[in-house]
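Under this note's numbering, residues 5 to 294 are what the sequence shown spells out, in order. Here the structure comes first, spelled out in structure tokens, and everything after it is commentary.
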Amino acid sequence: MSKKNKKKFGNGKPKKFKNGQEESAVRAKKHLGQHFLIDEDIAKQIADTLSLKNYTNVIEIGPGMGVLTKYLLLRDIDLVAMDLDEESIVYLNHSFRLEHPKVFEKNNRLNIVEADFLKFNLQQLYGEEQFAITGNFPYNISTQIVFKMLEMRQQVPEFSGMFQKEVAQRICEKPGNKSYGILSVLVQAFYEAEYLFTVPPQVFDPPPKVQSGVLRLTRRENLKLPCDEHLFFKIIKASFNQRRKTIRNSLKTFNLSDNLKEDIIFDQRPEQLSVADFIALTQKIANDPV
């Protein structure tokens with residue numbers, strides 16, 4: 005490593021200020037949405053959310069300084085830690101390994117990748133193999149991470165991690181609630197969603213201005229929906245784009261027959277419909293003679 009880089013990133017050891025507090029070896033960057041988890045117990049709880057049933061590949065998004073990484077490595081997995089932050093990558097490749105020798109004695113199957121998860125082609129890492137996703141997700145891209153996971157659902161049996169509390173609750177929400185929306189329906193169509201526990205701001209550096217929540221998604225055995233999936237996605241998005249209207253009004257652009265629009269399902273608002281209801285609605289629209 006060049007002297008310039010050594011000066012920029014340091015040696016990975018915390019610096020002490022006059023008040024005795026330690027400066028983190030890696031600086032959290034606001035533009036990356038970074039809030040580093042510093043609570044060891046919560047990190048262990050997140051690592052334990054994965055069942056490892058029928059898979060060993062795990063990708064951790066946004067490892068930062070590796071507080072979750074080291075607990076994941078205590079499990080029998082092949083771990084990829086992916087981060088866009090060059091400073092974190094340098095720390096994980098050097099100081100992190102030196103600071104936790106006992107962890108690496110148990111499991112040295114760690115691949116550190118500097119990349120943007122949203123843009124990275126995961127088949128370069130896994131081909132057609134199964135892999136789980138976990139992490140303390142950057143809040144500014146957390147929903148985008150979920151949408152990318154849904155695109156790869158055939159290969160992702162489990163997904164767990166930390167979100168802003170409201171986002172985690174929205175993903176796991178049930179019909180009949182205001183926070184139930186597009187993300188809720190699309191995720192729950194393919195996964196069992198569990199909101200596990202709430203995390204306070206003070207366990208992060210720097211503390212966020214909001215509470216956080218940890219969830220777990222477990223893929224359903226049957227991934228094939230009994231309807232046209234493209235039409236299913238289209239109907240859900242159109243319905244919730246005008247969520248205050250009834251289904252009859254929000255789906256006006258679908259040019260449905262008058263006879264179909266008399267069905268009582270069209271009198272309801274989208275937040276009242278379950279995944280099963282949206283599947284039934286999709287089937288009815290697909291069979292509409294118009």
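For every residue, glycine included, the Cβ atom is placed at its ideal position computed from N, Cα and C. As the structure is a computational prediction, the values presented were derived from the model and not from experiment.
What is the DSSP secondary structure of residue i, counted as helix, strand or coil?
i    : result
L330 : Outside the displayed range of the chain (5 to 294) lies residue 330, so it cannot be described from this structure.
Y184 : coil
E44  : helix
R224 : coil
M153 : helix
N263 : helix
T147 : helix
N115 : strand
E275 : helix
C231 : coil
P293 : coil
K288 : helix
N58  : coil
L122 : coil
D281 : helix
Residues in the same chain with beta-carbon distance under 8 Å from residue i, minus the five sequence neighbours each way, listed in chain order, please.
i    : result
V207 : L41, I42, D43 and I46
F201 : Q49, G217 and V218
L154 : L190, V191 and F194
T257 : A242
E198 : C176, L219, R220, L221 and T222
N259 : V294
L72  : L41, A47, I50, A51, E64, T138, G139 and N140
Q25  : Reliability of the predicted coordinates at Q25 is poor, the pLDDT of 34 falling under 50, and no value is obtained from them.
R101 : F108
Could you tell me which of the options sits nearest to residue i, measuring between CA atoms?
i    : options                   : result
L54  : G68, G66, H39 and L77     : L77
N140 : I65, K256, L277 and G131  : I65
K169 : V107, P204, A197 and N115 : P204
V150 : Q128, Y184 and Y195       : Y195
S183 : I269, K249, Q276 and D120 : Q276
D89  : R31, P293, Y75 and K123   : R31
M166 : T138, I269, L260 and H104 : T138
N111 : L126, D82 and L129        : D82
V214 : V171, F121, S261 and K152 : V171
E233 : E225, G131, P67 and I289  : I289
Spell out the partners DSSP gives residue i in its beta bridges.
i    : result
Y75  : Note: Y75 sits in no beta bridge, so no partner.
T138 : E64
L219 : G165 and Y199
A85  : E64 and I116
F208 : L41
Grab me the residues of residue i's own chain with a C-beta within less than 7 Å of its C-beta, minus the 5 sequence neighbours each way, in chain order.
i    : result
S188 : R174, I175 and E177
Q287 : C231
K229 : Before going on, a small fix: residue 229 reads as Leu here, not Lys. Excluding positions up to five away in sequence, the list reads A193, F236 and I283.
V279 : V189, Q192 and A193
I93  : D87, I116 and E118
Under 8 Å by Cβ, that's how I've got residue i and residue j pegged, so tell me the actual separation to the nearest angstrom.
i    : j    : result
N61  : E133 : 6 Å
M69  : A29  : 6 Å
F163 : L221 : 4 Å
L264 : D281 : No, L264 and D281 are not in contact; Cβ-Cβ is about 15 Å, not under 8 Å.
V84  : L129 : 6 Å
N158 : L56  : Note on identity: in this sequence residue 158 is Gln, with Asn being the wrong assignment. About 19 Å; that fails the 8 Å criterion.
L255 : I268 : Contact doesn't hold; Cβ gap of about 15 Å is too wide.
Using C-beta distances below 6 Å, list every residue in its chain close to residue i, excluding the 5 sequence neighbours before and after it, in chain order.
i    : result
G212 : Looking at the sequence shown, residue 212 is not Gly but Pro. Excluding residues within five positions, the ones whose Cβ falls inside 6 Å are H39 and P205.
P274 : S243, F244 and R247
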